[in-house]
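0 is the number of the first residue of the sequence shown in numbering that gives the first Met the number 0; add one for each residue after it. A virtual CB, placed ideally from N, CA and C, is assigned to each residue, including glycine. Presented below is the structure to which this report refers.
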Amino acid sequence: MIVPALLIAFILLTNDNKGIGALSVSKFYPVYNNGKINKQLRLKASGNQKGVYILKKGNEIKYIGYSGSNIYKTLTRHFQSWEDSTQTRITYSKNENIKARIVYTSTATQAAKLEKALILKYKPTDNPNKYEQYNLNLTDDNLINNYQNEAEAPF
Numbered sequence: 000m001i002v003p004a005l006l007i008a009f010i011l012l013t014n015d016n017k018g019i020g021a022l023s024v025s026k027f028y029p030v031y032n033n034g035k036i037n038k039q040l041r042l043k044a045s046g047n048q049k050g051v052y053i054l055k056k057g058n059e060i061k062y063i064g065y066s067g068s069n070i071y072k073t074l075t076r077h078f079q080s081w082e083d084s085t086q087t088r089i090t091y092s093k094n095e096n097i098k099a100r101i102v103y104t105s106t107a108t109q110a111a112k113l114e115k116a117l118i119l120k121y122k123p124t125d126n127p128n129k130y131e132q133y134n135l136n137l138t139d140d141n142l143i144n145n146y147q148n149e150a151e152a153p154f
């Protein structure tokens, strides 16, 4: 399935077909370096950063998530233990070789739509429940068919 068209349609265009802001994309870097958040990810603990994060172990994409307010807090929660049995959380050890790629966005809506597109494209193993929540509509299908190959994708 070729999903990259979602990235152009949902992320770069609004309903009036005007661009809504450029994306800032990092490479995959280890999340933790010597027990501390890796500075190469450009995360700010006190910042109001919106965006999508992709967690990868080896060559396998494990999890895709987004934050509409503070991506630092959202991402680091995956590396904390949770004792709350009423909530299901995907957590990893700081010692695991987990790498992250951050895509910073201009708006929370842009981040949510990018998360949807990336989950549909990559089907990460640690958030399968999201597949059922996300369905392509007719507009998505038409936009997807505009791309002939994944090399044209902006991400």
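Nearest to Thr75 by CA position, among Lys120, Ile36, Lys55, is which residue?
Taking only the C-alpha atoms, the option nearest Thr75 is Ile36.
Write down the C-beta distance between Gln48 and Tyr103 rounded to the nearest angstrom, noting that I regard them as a contact closer than 8 Å.
Between the beta-carbon of Gln48 and that of Tyr103 there is about 6 Å, and that keeps the pair under the 8 Å contact cut.
Could you tell me the distance, in whole angstroms, from the CA atom of Thr73 to the CA atom of Tyr62?
Between the alpha carbons of Thr73 and Tyr62 lies a distance of about 13 Å.
With DSSP as the reference, label Tyr31 as helix, strand or coil.
Taken through DSSP and simplified to helix, strand or coil, Tyr31 comes out as strand.
Same chain only: Cβ atoms within 6 Å of Ile97, ignoring 5 sequence neighbours per side:
Only residues of its own chain outside the window of five on either side were considered, and among them Val30, Leu54, Lys56, Tyr91 have a CB closer than 6 Å to the CB of Ile97, listed in chain order.
Output needed for Pro123: all residues of its chain with C-beta closer than 7 Å, excluding positions within five of it in sequence on either side, in chain order.
Once the five neighbours on either side are set aside, the close Cβ partners of Pro123 are Ile60, Lys61, Tyr62, Ile63.
Reference Gln166, options Ala116, Gln86, Val24, closest by Cα
Given a span of 0 to 154 for the chain in the structure shown, any question on residue 166 remains unanswerable.
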